[in-house]
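Novice: Residue numbers (the numbering used here), protein chains in the order written: chain A, 3 to 275; chain B, 49 to 219.
1. Among 176/B, 141/B and 112/B, which has the Cα closest to the Cα of residue 70/B?
2. Going by DSSP, what residue range makes up the beta strand (DSSP E) through residue 171/B?
3. Cα-Cα, which of 198/B, 133/B, 56/B and 167/B is closest to residue 179/B?
4. Start and end of the alpha helix (DSSP H) containing residue 40/A?
5. Residue 16/A: which of 181/B, 172/B and 103/B sits nearest, CA to CA?
6. So the alpha helix (DSSP H) residue 88/B belongs to, where does it begin and stop?
7. What residue range is occupied by the uninterrupted alpha helix (DSSP H) comprising residue 54/B?
8. Buried or exposed, going by whether 16 or more other CB atoms sit within 10 Å of the CB of residue 110/B?
9. For residue 218/B, does the count of other Cβ atoms within 10 angstroms reach 16, so buried, or fall short, so exposed?
10. Could you please give me the residues that DSSP links to residue 150/B through a beta bridge?
11. Going by alpha carbons, who is nearest to residue 115/A out of 252/A, 259/A and 269/A?
12. Can you grab the Cα-Cα spacing for the pair residue 96/A / residue 257/A, in whole Å?
13. Okay, do the segment 144 to 164 of chain B and the segment 180 to 189 of chain B touch, 3+ Cβ pairs below 8 Å being the bar?
14. Checking the sheet assignment: what are the DSSP bridge partners for residue 253/A?
15. Please check if any C-beta of chain D sits within less than 8 Å of the C-beta of residue 26/A.
16. To the nearest whole angstrom, what separates the beta carbons of residue 172/A and residue 183/A, a pair I think is in contact under 8 Å?
17. So, does the segment 53 to 62 of chain A touch the segment 130 to 137 of chain B, judging by three or more C-beta pairs under 8 Å?
18. Provide the residue span of the beta strand (DSSP E) that contains residue 167/A, from first to last.
19. With DSSP as the reference, label residue 83/B as helix, strand or coil.
20. Does residue 196/B get closer than 8 Å to chain A when you measure Cβ to Cβ?
21. Examine chain B for any beta-carbon lying closer than 8 Å to the beta-carbon of residue 48/A, and answer yes or no.
22. Excluding five sequence neighbours on each side, which residues of the same chain lie with their C-beta closer than 6 Å to the C-beta of residue 19/A?
23. For residue 100/B, count neighbouring Cβ atoms within 10 angstroms of its own Cβ and tell me buried if that reaches 16, exposed if not.
24. Below 8 Å on the Cβ atoms is my guess for residue 161/A versus residue 151/A; work out the distance and round it to an integer in Å.
25. Could you give the first and the last residue of the continuous alpha helix (DSSP H) run that contains residue 135/B?
26. Assuming contact is defined by CB atoms lying nearer than 8 Å, are residue 118/B and residue 89/B in contact in what I supplied?
27. Using alpha carbons as the reference points, say which of 261/A, 238/A, 232/A and 225/A lies closest to residue 249/A.
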């Protein structure tokens with residue numbers, strides 16, 4: 003204690019000087035806008051550099067989470083946009099106050115198991131009936147076709163991938179609307195075959211193939227792929243090779259599309275049969 | 049010591065008024081701002097205790113600041129100047145030290161001593177003042193030119209004042 007006092011006494015000049023200088027500088031910075039702005043700017047730049055670096059580093063660790071968040075955000079937005087609502091045309095005088103009804107509902111799910119090298123390929127998702135997923139729903143990824151939900155347990159579901167010999171998808175050529183049926187030939191995970199396109203249809207290599215929307219599973223306009231080869235088969239139909247736009251090898255997150263009007267449509271169609 | 053007090057009070061008031069109302073309005077070619085008020089610190093007696101030196105410098109700087117609405121700018125410069133004053137006095141002291149009953153004035157210790165003394169302190173003061181004012185180190189030499197030119201001008205004014213002072217005291 004005594005030596006501390008001695009020290010203070012010995013250094014009082016310097017200490018007092020430092021004290022008063024600090025006081026003057028704090029007065030300076032607090033009372034002059036220019037100096038204040040200058041100091042704040044400097045400290046912001048200095049600290050900003052460090053923060054940017056540490057934030058950059060941190061980002062890497064949260065990429066998975068961020069991805070998931072974005073996928074969910076995407077689905078929320080897809081649920082909002084107009085194309086998921088069907089428009090009710092009004093034939094009668096009566097005024098209906100809802101012009102738009104929601105027709106498709108999107109849910110995101112993660113693929114936890116996937117195969118591409120079998121003849122009957124399935125995917126397993128981490129969501130099931132408890133999360134609102136039911137059989138006959140469509141699975142897409144980023145607007146590209148993935149498959150159809152087949153079996154559902156309470157927390158998991160299986161999806162028949164497009165790469166399955168049993169799955170046939172009603173599809174059409176985007177530019178002129180000729181529709182046919184798409185199936186996988188069991189060989190290459192990047193291509194499938196589109197049949198039943200009549201010979202008089204005007205098609206070229208590179209044309210876009212999308213879903214037709216006839217099947218009550220897929221909404222209209224989900225991307226399937228591009229024409230890569232055209233072959234004339236005996237009879238009056240083309241056999242078209244389609245390069246799939248989905249990369250089944252790198253799938254991670256999918257969106258499940260539920261058609262809210264599916265039962266209504268199927269029941270109506272059953273009456274006719 | 050006590051009998052010196054009224055005289056320093058008057059010189060304090062006079063210098064601050066001179067600085068604030070006349071010299072602050074003079075800006076020769078945008079470079080030269082003389083700050084004569086530092087003469088107050090230069091003229092304080094040798095025996096002034098160090099802590100009193102700092103506090104007086106702070107009050108002086110704050111007063112000038114208040115009048116020129118640059119709170120803190122002159123303070124920091126004058127306090128720095130007061131801080132180095134004892135060391136400067138020690139370094140340039142004449143061979144037989146400072147006599148009692150004398151003040152740091154030109155007529156006691158001669159022109160060369162006084163010019164050395166005032167030049168070092170005024171330069172230090174102006175250096176701190178101008179760099180605190182611009183608050184950046186870019187354009188270092190532009191600021192430095194201002195420091196040097198203003199210092200020269202202030203030194204000249206201080207030297208002139210010495211002859212006034214001298215006569216006043218003799219009277």
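Backbone N, C-alpha and C fix where the C-beta goes; we use that ideal spot for every residue, glycine too. Quantities reported herein were computed from a predicted structural model and do not represent experimental measurements.
Specialist: Taking the coordinates as given:
1. For the residues 176/B, 141/B and 112/B, the minimum Cα distance to residue 70/B belongs to 112/B.
2. Run containing residue 171/B: none in the beta strand (DSSP E); it sits in the alpha helix (DSSP H), 159 to 182.
3. For residue 179/B, the nearest C-alpha among the options comes from 198/B.
4. Its alpha helix (DSSP H) spans residues 35 to 63.
5. Comparing Cα-Cα distances from residue 16/A to each of 181/B, 172/B and 103/B, the minimum goes to 103/B.
6. Residues 87 to 91.
7. For residue 54/B, the uninterrupted alpha helix (DSSP H) segment begins and ends at 53 to 65.
8. Result: buried.
9. At residue 218/B the pLDDT is 40, less than 50, meaning the model places this residue with poor confidence and gives no usable figure here.
10. Note: residue 150/B is not bridge-paired with any residue in the DSSP secondary-structure output.
11. Nearest C-alpha to residue 115/A: 252/A.
12. Because residue 96/A carries a pLDDT of 43, less than 50, the predicted location of this residue cannot be relied on, and the following value inherits that uncertainty. Looking at the two C-alpha atoms, the distance is approximately 37 Å.
13. Between the segment 144 to 164 of chain B and the segment 180 to 189 of chain B there are fewer than three C-beta pairs closer than 8 Å, too few to call the two in contact.
14. According to DSSP, residue 253/A bridges with nothing at all.
15. Protein chains in the displayed structure are A and B, and chain D is not among them.
16. Between residue 183/A and residue 172/A the Cβ distance is about 6 Å, and since that is below 8 Å, they are a contact.
17. The segment 53 to 62 of chain A is not in contact with the segment 130 to 137 of chain B.
18. Taken as a continuous stretch (DSSP letters only), residue 167/A belongs to no beta strand (DSSP E), as it is neither H nor E.
19. Secondary structure at residue 83/B: coil, using DSSP grouped into helix, strand and coil.
20. Not one chain A Cβ lies under 8 Å of residue 196/B.
21. No, no contact with chain B.
22. Counting only residues of its own chain and dropping the five nearest sequence neighbours on each side, residue 19/A has no CB closer than 6 Å to any other CB.
23. Around the Cβ of residue 100/B, a 10 Å sphere holds fewer than 16 other Cβ atoms; the residue is exposed.
24. With a Cβ gap of about 5 Å, residue 161/A and residue 151/A count as contacting.
25. It spans 121 to 139 - the alpha helix (DSSP H) in which residue 135/B sits, taken as one unbroken run.
26. Cβ distance not < 8 Å, so residue 118/B and residue 89/B don't count as in contact.
27. The candidate whose alpha carbon is nearest that of residue 249/A is 225/A.
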